[in-house]
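Colleague: Residue numbering for the sequence shown follows the working numbering, beginning at 3 and increasing consecutively. Quick reminder that beta carbons are idealized off the backbone N, C-alpha and C, glycines included.
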Amino acid sequence: MREEIKMPRMNFRTIAKPQNYSKTLKRTIKDFKNEKFLIIIVIMLSIFSAILTIYAPIVLQDFLNSALSTNSDMIKIIQDTITQTFKITINWSYFFKKFSLLILIYTFSAFFMWLAEFLAVSISNSYAFRIRDSIKKKLDKLPLSYFDKVPYGDTLSIGTNDVDNVARNLQTIIVNIFNGVTLFLGTLIAMLISSWQLSLVAISSLPFTILVVILISKFSQKQFTNYRKDLGELNGKVEESYSGYLIIKLFNKQNDFIKDFDITNEKMAHSDKISQFLSGLIFPLTNFIYNVA
Numbered sequence: 003m004r005e006e007i008k009m010p011r012m013n014f015r016t017i018a019k020p021q022n023y024s025k026t027l028k029r030t031i032k033d034f035k036n037e038k039f040l041i042i043i044v045i046m047l048s049i050f051s052a053i054l055t056i057y058a059p060i061v062l063q064d065f066l067n068s069a070l071s072t073n074s075d076m077i078k079i080i081q082d083t084i085t086q087t088f089k090i091t092i093n094w095s096y097f098f099k100k101f102s103l104l105i106l107i108y109t110f111s112a113f114f115m116w117l118a119e120f121l122a123v124s125i126s127n128s129y130a131f132r133i134r135d136s137i138k139k140k141l142d143k144l145p146l147s148y149f150d151k152v153p154y155g156d157t158l159s160i161g162t163n164d165v166d167n168v169a170r171n172l173q174t175i176i177v178n179i180f181n182g183v184t185l186f187l188g189t190l191i192a193m194l195i196s197s198w199q200l201s202l203v204a205i206s207s208l209p210f211t212i213l214v215v216i217l218i219s220k221f222s223q224k225q226f227t228n229y230r231k232d233l234g235e236l237n238g239k240v241e242e243s244y245s246g247y248l249i250i251k252l253f254n255k256q257n258d259f260i261k262d263f264d265i266t267n268e269k270m271a272h273s274d275k276i277s278q279f280l281s282g283l284i285f286p287l288t289n290f291i292y293n294v295a
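#1: Among Ile137, Glu268, Val183, which has the Cα closest to the Cα of Thr162?
#2: I need the straight-line Cα distance from Thr55 to Ile176, nearest angstrom please.
#3: Does Phe253 come out as helix, strand or coil in the three-state DSSP assignment?
#4: Hey, how far is the Cα of Ser124 from the Cα of Thr189?
#5: Do Glu37 and Ser128 count as a contact pair if the criterion is CB distance below 8 Å?
#6: Secondary structure at Leu144, three-state DSSP: helix, strand or coil?
#7: Which stretch, first to last residue, makes up the alpha helix (DSSP H) that contains Pro209?
#8: Quick one: what does DSSP say Leu283 is sitting in, helix, strand or coil?
#9: For Pro59, name the three-state secondary structure that DSSP assigns.
#10: Assign Phe46 to buried or exposed, taking buried as 16 or more other Cβ atoms, counted over all protein chains shown, within 10 Å of its Cβ.
#11: Using the Cα positions of Asp262 and Ser245, report the straight-line distance between them to the nearest angstrom.
#12: Which class does Ser197 belong to by DSSP, given the choice of helix, strand or coil?
#13: Looking at Ser159: is its Cβ nearer than 8 Å to the Cβ of Asn228?
#14: Could you tell me whether the Cβ atoms of Tyr292 and Ser207 are closer together than 8 Å?
#15: Excluding sequence positions up to five away, which residues of its chain have a Cβ less than 8 Å from the Cβ of Leu146?
#16: Using DSSP with H/G/I as helix, E/B as strand and the rest coil, what is Val152?
#17: Tell me whether Phe34 sits in a helix, a strand or coil according to DSSP, three-state version.
#18: Smallest Cα separation from Phe110: which of Phe50, Val215, Lys143, Arg132?
#19: I'd like the list of long-range same chain contacts for Leu185, defined as Cβ closer than 8 Å, with 5 residues on each side in sequence excluded.
#20: Could you compute how far the alpha carbon of Gln278 sits from the alpha carbon of Gln223?
#21: Could you tell me the alpha carbon to alpha carbon distance between Val240 and Leu117, rounded to whole angstroms?
#22: Using the Cα positions of Leu200 and Ala192, report the straight-line distance between them to the nearest angstrom.
#23: If I'm right that Tyr108 touches Ala58 with Cβ under 8 Å, what's the distance once you round it to whole angstroms?
#24: Is the separation between the beta-carbon of Leu121 and that of Val168 shorter than 8 Å?
#25: Excluding sequence positions up to five away, which residues of its chain have a Cβ less than 6 Å from the Cβ of Phe65?
#26: Inspect the beta-carbon positions of Leu62 and Leu106 and report whether they are closer than 8 Å.
#27: When the Cα atoms are used, what is the spatial distance from Asp142 to Asn181?
The structure is reproduced here in structure tokens:
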């Protein structure tokens, strides 16, 4: 008879939600006390970039109006009363002044955003380093019974993939949240000043946009959670297959491991495909609502 392999039962992690979001948020903010000064600089740079982005179309509008007008500071059409001909004079000094101003605005806007993202990368990497260090210290204190129950690959996935994912999202949030809020408020004010009637029409589509984002995010978040869970499980199986290769081969369990790996791999691919598809729907649908409005 073939002898069965008796191995400790491996418990793959379950994705838990924080019981108190406000407490979790406060704890996360507290972790950034060492980067407080850098975060303030990133926020200010993001706001400056957004302000310049809003101001650029105003300068461009004035530039185009002057270029298309027949009697402006840039172009003047003078009629010769004797020959009944028209003479066009271009104020090149005014032209280059406005054009240079536009170039400076776009350049500084891009530079401020680049510098903000550069500093955000430094902040997120520093935070990720501290998380990994905390995980390492925690693992050093865990009993051996923990590693008998939890796959090594799943534990490694937490310290690598999950931490990298947190760092990337953190980098995006720090820069984009303040830049986006400033852009939204500034654009809204500019729209109301330009034409409050058209602004109300555009604003009327905002509730539908928010509803679409909330509904899609609700379903996509679940799939992203499943993807992270399946990824950890897959890494666990890969680590087990490498570390226990001789035992697997000795008891002729290669086919069983391959089938088990394929099932987990398909689960991960499915959850990844669905999550990416759902999150990819947000921009086209919001753009469609915006165009309809």
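Modeller: On the basis of the data shown:
#1: Ranking Ile137, Glu268, Val183 by Cα distance to Thr162 puts Ile137 first.
#2: Taking the straight line joining both Cα atoms gives about 18 Å.
#3: Reduced to three states, the DSSP call for Phe253 is coil.
#4: Taking the straight line from one Cα to the other gives about 30 Å.
#5: Taking a C-beta distance under 8 Å as the contact criterion, Ser128 and Glu37 qualify as a contact pair.
#6: Here Leu144 sits in coil by DSSP.
#7: That run of the alpha helix (DSSP H) goes 208-245.
#8: The answer is coil: DSSP assigns Leu283 none of H, G, I, E or B.
#9: The three-state reading of DSSP puts Pro59 in helix, counting H, G and I together.
#10: The amino acid occupying residue 46 in the given sequence is Met; Phe does not appear at that position. Counting every other CB atom within 10 Å of its CB across the protein chains shown gives Met46 a total below 16, marking it as exposed.
#11: Asp262 and Ser245 have their alpha carbons spaced roughly 16 Å apart.
#12: Residue state, collapsed to three classes: coil.
#13: No, the Cβ-Cβ distance between Ser159 and Asn228 is not below 8 Å.
#14: Tyr292 places its beta carbon less than 8 Å from that of Ser207.
#15: Within the same chain, Leu146 has no close Cβ partners at all.
#16: Coil at Val152, not helix or strand.
#17: In the three-state reduction of the DSSP assignment, Phe34 falls in the coil class.
#18: Taking only the C-alpha atoms, the option nearest Phe110 is Phe50.
#19: If we look at Leu185 and ignore the five residues flanking it on each side, its Cβ neighbours are Ala52, Thr55, Ile56.
#20: Those two C-alpha atoms are separated by around 10 Å.
#21: Rounded to the nearest whole angstrom, the CA to CA distance from Val240 to Leu117 is 40 Å.
#22: The C-alpha of Ala192 is placed about 12 Å away from the C-alpha of Leu200.
#23: The C-beta distance from Tyr108 to Ala58 rounds to 6 Å, short enough to meet the 8 Å contact threshold.
#24: Their beta carbons are not under 8 Å apart, which means Leu121 does not touch Val168 by this criterion.
#25: The residues Lys100, in chain order, have a CB closer than 6 Å to that of Phe65 in the same chain once the five nearest residues on each side in sequence are set aside.
#26: By the CB criterion at 8 Å, Leu62 and Leu106 fall outside the cutoff.
#27: C-alpha separation (whole angstroms): 41 Å.
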